[in-house]
Each structure stands twice: as C-alpha cells, then as structure tokens.
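Chemist: With the sequence shown counted from 1, adding 7 to any position gets you this note's numbering. Ideal placement from N, C-alpha and C gives every residue a C-beta, glycine not left out. Have a look at the structure that comes next, please.
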Amino acid sequence: MEFYEVLERRKTIRDFSDREVSDEVLEKIVSAAFKAPTNDHLRQLEFVVVRGRENIARIVSPVAENARNIQQSGLEAAAGVMDEDEYAMFVDALPKQQRMLIESNCLVLPFFRQKDYPLCRPQDQSSLNYFASAWAAVENILLAATAEGLACAFRIPIGSEPEHVKRTVHAPEGYEFACLLAIGYPADNAHVCKQKEIRVAERIHRNTW
Ligand SMILES: Cc1cc2nc3c(=O)[nH]c(=O)nc-3n(C[C@H](O)[C@H](O)[C@H](O)COP(=O)(O)O)c2cc1C
Numbered sequence: 008m009e010f011y012e013v014l015e016r017r018k019t020i021r022d023f024s025d026r027e028v029s030d031e032v033l034e035k036i037v038s039a040a041f042k043a044p045t046n047d048h049l050r051q052l053e054f055v056v057v058r059g060r061e062n063i064a065r066i067v068s069p070v071a072e073n074a075r076n077i078q079q080s081g082l083e084a085a086a087g088v089m090d091e092d093e094y095a096m097f098v099d100a101l102p103k104q105q106r107m108l109i110e111s112n113c114l115v116l117p118f119f120r121q122k123d124y125p126l127c128r129p130q131d132q133s134s135l136n137y138f139a140s141a142w143a144a145v146e147n148i149l150l151a152a153t154a155e156g157l158a159c160a161f162r163i164p165i166g167s168e169p170e171h172v173k174r175t176v177h178a179p180e181g182y183e184f185a186c187l188l189a190i191g192y193p194a195d196n197a198h199v200c201k202q203k204e205i206r207v208a209e210r211i212h213r214n215t216w
C-alpha cells in the first residue's frame, strides 16, 4: 500500500472479527516500532503480547468499571457541550473500551524503560522523552498494521489500570506501558467514526501565529 494511502486509511477501529493475527504478521508490524525515532538511541521497548480472550479479560478487568463510570457521569453532561464529532466518537468508544481489547484477541502492551523521574511526575518536558519515544513507536505500529489490512484501537489506562496490568504481566520495575493496544482484523460492519474536516492551510502559521 502506498504510504499516503496508509495514512488515509489508518483509523481507530473498535470492532474486530474472529480472524486471528498470525505471529509472522505481528512480528512484522512490531518491527516497525523499532524504526521510529527514539530519545536515547537504545530503543528500550519491550512488547507483551497477550492472546486468548480469558487472558486478556484478566488483564483488562478494571477497564469496564472505569469506562462505565465515565460513561454515566461524563456523556450525559457532555451531550450539549461537546463538539458534535467528538461526542459521536465517545458514544461509540466508551461502551467498547473493554470489549474491543478482549475481542481483538491480540492485546499488545508497548513497554518502555522510564528512567530518572516517575512517568506521572516529570521534572520537565524532557523527562517524558521515553514516553514520547514509545508513542512514536506506537504510531509506526498503527501504520504498519494498516498496511497489513489490520485494525487497531487503543486505550490509555486510567486509575488503577496501569498497576493492575503491570502486576498481572509481571512487568519488571522501572517499566511503563504506553497504552493497551488491540490489534486484529476488522469486523465486517466495523464502525468508523466521522472525521473532522481540517483545512491544513489554516493550521500553518507563517513566521508568527
Ligand atoms: C493520546 C490519545 C488517547 C486516546 N485514548 C483513547 C482511549 O482511551 N480509548 C479509545 O477508544 N480511543 C482512544 N484514542 C483514539 C481516539 O479516539 C482517535 O484517535 C480519534 O477519535 C481520532 O480517530 P482516528 O484514530 O480514527 O483518526 C486516543 C487517541 C490518542 C491520540
């Protein structure tokens, strides 16, 4: 697939079919992560891949309740306030937060070495370099997965989720993970959220904003 077509086609898909992603394809797309820029030149990324719906369900068990709480409190309040496309995305996404991870049957946890400062208590912007590098790697995975005809969705862990996940997969001390990344083949009727229309020329500010 041509590069700009990959960019165009990459979309968050939260509905997966039963078709399994082979180890070979998975290794190919994870290898894309190691082509991304990295802050320390060491590419200290490690990937925990969890297969099997029961195994995934154990790892993501706190997600359902957290998503439900946000859904109940947040969505009602946001209905008249939020941007229309943003609201439509949340209506699709919130009920699927746990389901999408389980139904993908292939959960990838992109771990990175977090040095010097705790991830959520950085000293300055550069304390987040490891996190930023991990996200550059995740984007490469998303694009490679798209080129392979795969669908991806990810959840940013909140509340007790990071500690639960790290404990359950026996992550070593000093490692954090960027997101809970679901990779699979899209369901036939997979929902694709309406995209915002962006006029790029208006987003480019020449010399001053
Ligand atoms: C930093 C970040 C956090 C996100 N968190 C979540 C999340 O927790 N759950 C989810 O389903 N999608 C999440 N998304 C996906 C966005 O909802 C999605 O990228 C956005 O709606 C644009 O749609 P697109 O990916 O199809 O272009 C997140 C995306 C980013 C970049």
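Judging by CA-CA distance, which residue of Cys200, Ala178, Phe138 and Ala84 is the nearest neighbour of Pro125?
Modeler: Closest option to Pro125, Cα to Cα, is Phe138.
Chemist: Whole-angstrom Cβ separation of Cys127 and Ile190, contact assumed at under 8 Å?
Modeler: At roughly 26 Å, the Cβ-Cβ gap does not stay under 8 Å, so Cys127 and Ile190 are not in contact.
Chemist: Can you check DSSP and say which residues form a bridge with Thr220?
Modeler: The question about residue 220 has no answer, for the chain in this structure spans 8 to 216.
Chemist: Distance, Cα to Cα, Glu53 vs Asp30?
Modeler: The straight-line gap from Cα to Cα measures roughly 16 Å.
Chemist: Give every residue of the same chain whose Cβ lies closer than 8 Å to the Cβ of Glu155, excluding the five residues on either side of it in the sequence, and list them in chain order.
Modeler: These residues qualify, in order along the chain: Val32, Lys35 and Ile36.
Chemist: Can the beta-carbon of Leu187 be found closer than 8 Å to that of Leu116?
Modeler: Yes, they are a contact pair.
Chemist: Consult DSSP for Tyr192 and reduce its assignment to one of helix, strand or coil.
Modeler: Coil, per DSSP.
Chemist: Let me make sure I understand the geometry here. Which of Pro69, Val56 and Val207 has the alpha-carbon closest to that of Val176?
Modeler: Looking at the Cα atoms, Val56 is the closest of the given residues.
Chemist: Taking contact to mean 3 or more Cβ pairs, one atom from each stretch, closer than 8 Å, check whether the segment 156–174 and the segment 62–75 are in contact.
Modeler: Short answer: they touch.
Chemist: Do you know whose CA, among Ala40, Arg60, Leu14 and Arg58, lies nearest Gln51's CA?
Modeler: The candidate whose alpha carbon is nearest that of Gln51 is Ala40.
Chemist: Could you pull the DSSP bridge partners for Pro229 from this structure?
Modeler: With the chain represented from 8 up to 216, any question about residue 229 goes unanswered, as that position is not in the structure.
Chemist: Which of the three DSSP states, helix, strand or coil, is assigned to Pro164?
Modeler: Coil at Pro164, not helix or strand.
Chemist: Within the present structure, is the beta-carbon of Gln105 separated from the nearest heavy atom of ligand 1 by less than 7 Å?
Modeler: No, ligand 1 has no heavy atom inside 7 Å of this Cβ.
Chemist: Tell me the residue span of the beta strand (DSSP E) that contains Glu53.
Modeler: From DSSP, the beta strand (DSSP E) with Glu53 extends over Leu52 to Arg58.
Chemist: In three-state DSSP terms, what is Leu116?
Modeler: Strand, per DSSP.
Chemist: Under 5 Å from any heavy atom of ligand 1, by CB: list those residues in chain order, please.
Modeler: Any residue whose Cβ sits closer than 5 Å to a heavy atom of ligand 1 makes the list: Lys18, Thr19, Met96, Ala100, Arg162 and Ile163.
Chemist: In three-state terms, what does DSSP make of Glu183?
Modeler: Correct three-state label for Glu183: strand.
Chemist: Roughly how many angstroms lie between the CA atoms of Ala197 and Ala100, to the nearest whole one?
Modeler: C-alpha separation (whole angstroms): 12 Å.
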